[in-house]
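Presented below is the structure to which this report refers.
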Amino acid sequence: LKDTLTYPLDVNDRARVHFHLAELIFCNPQISSDDPLECINRAFGILECEQSLEKNLLLIRGYLLQYSLILHRLAKPDAISLNPEIYEMTQVIEGHKGAHKLKKMTSSIVEFEPALNYLEKAYMVWKSEVCSAYCNADERIKNDILDITKEITALSLLNGMILQALELTIWHFQNMKKMQQFSLIVLLLCFLELPRALEQFIADYESKVQVETEIEKDTLEIIRIFFTFQRENADNLEEVIKYFCEIDETGNDNVEKRRMLCLFHYGTYYASNHCRNEKYLIILRHYCSYIASITNAHRYINSVVAYFLKNTTEYDYIDDDVKLDLFLLMLLNREATAACLHAGLLRYRCAYQSEAFSLALRIRSPYWLCHMLGLMFEEEVKLTDHPALQTFENIAHSLFDYKPCCPVDSNLISFITPRRKTKSDMFYFFLENYHSKNAKCQCFVCTNIPFRIEMLYLAAQQAIITDEPKLTEILLSLIEKITQLRKAILNEVKMVLEGDLSTLISKIDMDEELIYSTLLNLQYTLLFSLIEGYFDEDLIEQSLNQLPNLSRMPLFYELSFSQLRFSLSLNGGMVATMSGSFSQLNIDEDKKKSRKKKNKQKTQFQIMETISNQLQLYGHMLYYPWYQKAHEALAICHVNQDDHTDAAHHIGEALLSSVRHSILVDQRRLQNSALPIGTFPVRFDDKEDMLKCTEHLPKSWTIVTLYMTSVEAGSELYVVRMSSRCQPFVVNLGNVLDKFSALNEFNSIAEKNKESLKLTNRKRFWETRFELNNAIENWLDELEEKWFKEWKVLFQHKADLDVMNMVNDLHEQCNLPLHIVEIVVDGYLNLKEEEFTTLLGHLVAKKYTQTIRKMLKQKFPSPVNDGGENGPVILILGREFSGLPLHAIRSLRHLPVTRCPSIHFLFHLFSQWKNSASVTKHKSFYVLNPSNDLQLTQQRFEKFFKSLEGWEGCIGRHPTLEEIQCAFKKDLFIYVGHGGGSRYLKNAETRFSTCNATVLLMGCSSGRLLYGRRYEQVGPVAYYQMAKSPNVVAALWNITDKDVDRFLDALLRIWLRFESPTKPDIIPATPLEAMQTRDLLIALNHARQFCKLKFLTGAAIVSYGLPVSSST
C-alpha cells in the first residue's frame, strides 16, 4: 500500500489508500509502528478541497473507522469473548470479588462520546449529502451507498440511536423494496412500541416488498399474520402455525431459515401480547406457550450469532448482517427478560439479563448497558439480597463516571437516607439531574432521547431499591418526564415518516402510541408503593383514572391494572369507581344499607364474570402476579357466597403459579426434561379438575392451606382444609396481623438469631441463644392463640374407624355436609369445651347443637387425642408463611407434618411415587463438609458414614457431576455442609435430572425460600422438588453445627435404626428405643428432642414433600 502511494493517484484513490493503511495497522499493530490516526488525518487532509459524492462516501468511511479505533482502545484487556455461547456473567462476577476489576471493564459515557460523535458525523454526511444523490449515481456508487447505509444502520442500532436507524432503514426500503429492510422496520416499530403504526405500515407496504425466495415468502406471511391480527388471518392460523412448527431446523448453517423461525416465534409472542381477537387467541393458546415462544425466538437468533462469531473476538469487522442479528439478539433478550419478569420466572429472567448485560459489555454499547442495568436494578434484586448488587452499582457508577461521594445539592440532602457505605442512594439524584442545568448541552445523553428514557428508568429503579422516603413524589416526577420524552420520540417518528409515508401518519392516532411499557411499569410500581406503603386512596384513584384505555395496553398491563381495580373494589375502599356512589342524602339508613349490599353483590358478580372470562382467554400465560390475584379475587367472591369447593380451587391456583410455569417452560424447551410434557398438572382449569386429583390421595391425609390475600384485598388470612374424605372447607380468619404482628415479630427474632451467631463471648452467646429459644416458644403459643383459636382444629384429624362412623351418623341424623360434620367431630376430640362451643356456633345452627353434643358424648365419653393416630398433615403455605415454623405450634408439635409448595406439586409427587416413597438404609449417598471448613462435624460423622454398608459419598470436597448423578439414583442423599447444596441442581447437566432420593439438607437456611413482589418462593428445596425428590428435610434459618449434628445423629438412630458410635449428650425422657419408627415425619418430631435448643434448632428443621418410610 505504501508503494502504491508513490504512483500518481487521483484524490479519492489516494485518500482511499490511507484509509486502507489505517485499517490494516489498526487490525495488525505488529506490522508497523505508524499511528493509524495519522493515516486517517492525512486522508482527511487530502479530501479537504474535494467536492464530490465519492468524497462524501470516503468521509463517512473515515468517520466510521475513527469510531472503530476509539472503541477498540476502550476495549478492556480482560473483556469477555464476543462468542454468545460464552456469556455466563456469574462466573465473571464471582471471579472479581469486590467488583473493582469488573468495574474497569466498563468505560464511561464521556469516554464513549468521541466515538459516538464520529458515528453521528457519518450519519449527518449521509443525510445531507449522500442519500439525495442516490438516484443519479452510477451503479457502483449506488452499491457503495447501500453498503454504507446498512453499516450506519447496524452501528446506530447497537448504540441506541433507534430513530436514526429507523430513518436509514425506511430510506433503504423505499429504494430497494427488500425483505430484509421491511422486516427490520417491523422490528424497529415493535422496539419503539408503536403497534398502531406497525399495523398500518404492514397493511400499506406488504404488497410492495420484492419477494425472491421461498424463505422470504414465508417471512412475509409471518409478518402479515402475527403482527397485524386481521380477522381473515384467523381462518388459516392453525395451519400456518403447524406448518412453521414442523419445519426442519437441523443444521446451524441454514441461517436464513433460522432467522425466519426466530421471527415466527417472536411473532407468536408479540401476537399473544397484543392481540385481542378471541378466535386468534384460542388457537395461539392451544399451540404456543407465551414464554416458550420468546425463548425459542431467542434460541434461534442466538444460534445464528454463535455460528458467525464462534472464532471472533472483535465485532468491529464482522458482517453488517450479523450486527443486525446482534441487535435482534439484544432486543429478544430484553423481551425475554420482561416476559420472565411478568411471569415471575426469576431463574430464567436472571439468565437472560446476564447474557444481555455481558453482550452489552462486549459490544461496548452505553445504551444497552444502561438499559440492562435498569432491568437488573428491579426491586427483586434488593429483596433477594443479590450478591452482585454492589457489582452492578459499581458498573453503573463507572458508566456515568459517578463518584459515590460526589456533592449533591443541599436541598436534596433531606431526601436521602443513606443505606450503604457507598451512599449509592445519592445515585438516583445524580442520574435524575444529569446535565440538566445545561440546556444547550449536545452530549450523547442529552441528544439521544431513547437513552435519556433508559437513564431515567435506571434512576427510578435506583430510587426504588434504596427505599427513598419520598418515592411517590420521585415516581410521579419521572413518569411526567418520561411522558414528555415519549412525546418527543413520537414527533421525531412523524418527521421520519414524512414524504412517501406521510399518508401513514394521518391514519394513526399518536395519542394511543403514548402507551409505553416503561411508563406503564413505573405507574404499576407507583400504585403498589401507594397501596403497600401509604394507601392514599385519593392518589390511588387518581393514578388509576389517569391510565389510558386498558384495551390499548400490552396485555400484561391491561390485565394487571384491571385486576388491581377488582382487588380494590373487593376491599370496599374503591367500590364507587366500579358501580357509582352509594351515598344519597335523601335515602334513609336502612335503604342505603340495602342498596349498598345489592350494589356490592352486583359488583362482585361483575368482577367474577370479567375475571373468569380473562382467565379463560389468558390464563395459559400464567402472568404473575395477575394470575395469582385474579384467582384470589374469585376465591374471595366464592367464600362470600359459601361456595367452599370453588374457593379452594381458586386459592390453590393462586399459589406458586410462577414455579409451576417454570416447569412448563422446561418441559417445552427440553425434550430430555425429567418431566415429560403433560405429566405435571401446571394448572387446574376448574374445581372438577382439582377434585379428580385429590380423590386419589390417601384418606388419612389432611391438606391445610394458609393463604394471605394481597394488601389491596385486605391482607386477610384464609385457611383451606382438603382431603379425599369430603369436600373442601374454607374459612376467612380476617386480618390476623392486626391481632398479632407475627411476621414482624418473627423477622425480629430471625435478625437477632443471625447477630447472636457472631458473638464471641461464650457466656453471652449461650444466654442469647436460650433467650431466642424461649422467644420462639412464646411466639408460637401467641400465634396459635391469637390467629387460629378454635380453628386450630382444622390441622387435626384422628384417622380411625370410630371417628369415621361418628361422622357418617351425624351426617345422616342432622343432614349436615360431611366436611362440616368432620370438623365438628375433630373439634370435640381436640378442643377445650369453650373453644368447641365457639366452633359449633360458627358451623351449626342452634337447633342441631344439643343433638350433636348428645351423640358425641355417647360415642366418646372422655375425648382425648394424643396425636398418635392422626394421619399426616400436609401444609401448603402462602409465601408470607413459608419461613415460619408453623409445624411447631402446640396443635401440630406431635403430629406427622410435612409441607408441599402447592396441591399441584402434591398430586404430581403422589402420582409419581404412590405409596412407594420409602428409603432402604443401605442405598445412600453423603456429601460431608464439602467446603472443608467444618472439621468438628467431619470428625463426628466421617468414621460413622464410612462404616455403613452400601453408603457412598465424598468428604472434604464438592462431589463431581458423576457422583451427583449417582446420588440422585440412591434412596437417600445426605448433605452436611453450608447452605443447601443447590449448586448441584443448578448445574446445566443436572438441572433437569430426576432425583429419586429422599434428601436431608443439614445446612444453614437450606430450607429458606425467598420471594419478592414479582416472583414467588425460590430456594434450594425448590430445585430438589422440581426434580421429583419425594421428600426434602431442611432448615428454615441459620443453626449451629453441633446442635444440628445432634439432630442428624438422633434421626439416623430413630428412623434408620443405626447404632451410632457416639453417645448423645442430651437424653430425652422417652428412651430412644421407644422412639424408633419407620415414619420419617414422626422420626423428625422425636429427633428434635435431642437438640439442646428445641425451638431455635429443632423447630428450624422441616419436611417438604410426601410422607416417607424406611424399609429393610
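So in full-length UniProt numbering, spot 923 of the sequence shown is number 923, and the numbers just go up one at a time.
Idealized CB from N, CA, C, for every residue including glycine.
Within 10 Å of its beta-carbon, does E256 have 16 or more other beta-carbons around it, so buried, or fewer, so exposed?
Exposed: under 16 other Cβ atoms inside 10 Å.
Could you pull out every residue in the same chain whose Cβ sits closer than 8 Å to the Cβ of L1, ignoring the five residues on either side in sequence?
V17, H20, L21, L24
Please tell me whether, using a cut-off of 7 Å, the distance from the CB of L1048 to the nearest non-hydrogen atom of the ligand NAD is below it.
This structure lacks the ligand NAD, and indeed carries no ligand of any kind.
Whole angstroms is fine: what's the gap from D3's alpha carbon to R14's?
12 Å
Would you report the Cα separation of F429 and K494, rounded to the nearest angstrom?
33 Å
8 Å Cβ cutoff met for Y134 and I152
no
Apply the 10 Å Cβ neighbour rule to I1067 and answer buried if 16 or more other Cβ atoms are within range, or exposed otherwise.
exposed
Taking I363 as the reference, give the member of V1032, E755, S68, D1049 with the closest Cα.
S68
Inside the segment 820-906 only - beta strand (DSSP E) runs reaching at least 3 residues
If we require 3 residues or more, the beta strand (DSSP E) runs fully inside the segment 820-906 come out as 873-877, 897-899.
Less than 8 Å between the beta carbons of residue 1113 and L332, yes or no?
For residue 1113 there is no data in the structure shown, the boundaries of the chain being 1 and 1112.
What does DSSP give as the partner residue(s) for L1001 in the beta ladder?
Y975
Does DSSP put V682 in a helix, a strand or coil?
coil
Whole runs of the alpha helix (DSSP H) within the segment 98-176, excluding any shorter than 4 residues:
100-104, 109-125, 139-158, 162-176
Secondary structure at T503, three-state DSSP: helix, strand or coil?
helix
T702 lies in the alpha helix (DSSP H); which residues open and close that run?
It is not in any alpha helix (DSSP H) - T702 instead sits in the beta strand (DSSP E) that spans 702-708.
Among all the DSSP beta bridges, which residues are the ones paired with F451?
Looking at the DSSP assignment, F451 forms no beta bridge with any residue, so it has no partner.
Would you check if the distance between the CB atom of I531 and the CB atom of E712 is smaller than 8 Å?
yes
Could you tell me the distance, in whole angstroms, from the CA atom of N753 to the CA atom of F788?
26 Å
Looking at the structure shown, is G1105 part of a helix, part of a strand, or coil, going by DSSP?
strand
So what's Q210 in DSSP terms, helix, strand or just coil?
strand
Leaving aside the five residues before and after D185 along the sequence, list all residues of the same chain whose C-beta is less than 8 Å from its C-beta, in chain order.
One detail in the question is off: residue 185 reads as Ile in this sequence, not Asp. Closer than 8 Å at Cβ, skipping near neighbours: L166, T169, I170, F173, F201.
Can you tell me whether H842 is buried or exposed? The criterion is at least 16 other CB atoms within 10 Å of its CB, across all chains shown.
exposed
Which of helix, strand or coil does DSSP assign to M553?
coil
If you draw a straight line from the alpha carbon of L892 to that of L886, how long is it in whole angstroms?
8 Å
My understanding is that A459 touches L475, with C-beta atoms under 8 Å, so please give their C-beta distance in whole angstroms.
So it is not a contact: roughly 10 Å between Cβ atoms.
Which word fits N136, buried or exposed, when buried means at least 16 other C-beta atoms lie within 10 angstroms of its C-beta?
Burial check for N136: the Cβ neighbour count within 10 Å stays below 16, so the residue is exposed.
What residue range does the beta strand (DSSP E) around Q1017 cover?
From DSSP, the beta strand (DSSP E) with Q1017 extends over 1015-1018.
With the cut-off set at 8 Å, would you say Y270 and F226 are in Cβ contact?
yes
State the beta-bridge partners of F226 as determined by DSSP.
Beta-bridge pairing links F226 to no other residue.
Could you check what DSSP says for T920 in three-state terms: helix, strand or coil?
strand
Determine the contact status of residue 1113 and F605, defining contact as a CB-CB distance below 8 Å.
No answer is possible for residue 1113: it lies beyond the span of the chain, which begins at 1 and ends at 1112.
Can you tell me whether DSSP reads C726 as helix, strand or coil?
coil
Identify whether E48 lies in helix, strand or coil by the three-state DSSP scheme.
coil
In terms of residues, what are the limits of the beta strand (DSSP E) holding I955?
Element bounds for I955: 951-955.
Helix, strand or coil: which one does DSSP assign to S424?
At S424, the pLDDT of 47 sits below 50, so the modelled position is not reliable; the number obtained from the coordinates is stated separately. Residue state, collapsed to three classes: coil.
Can you list, in chain order, the residues of its chain whose CB lies under 7 Å from that of N732, leaving out five sequence neighbours each side?
Answer for N732: V639, E716, Y718, listed in chain order.
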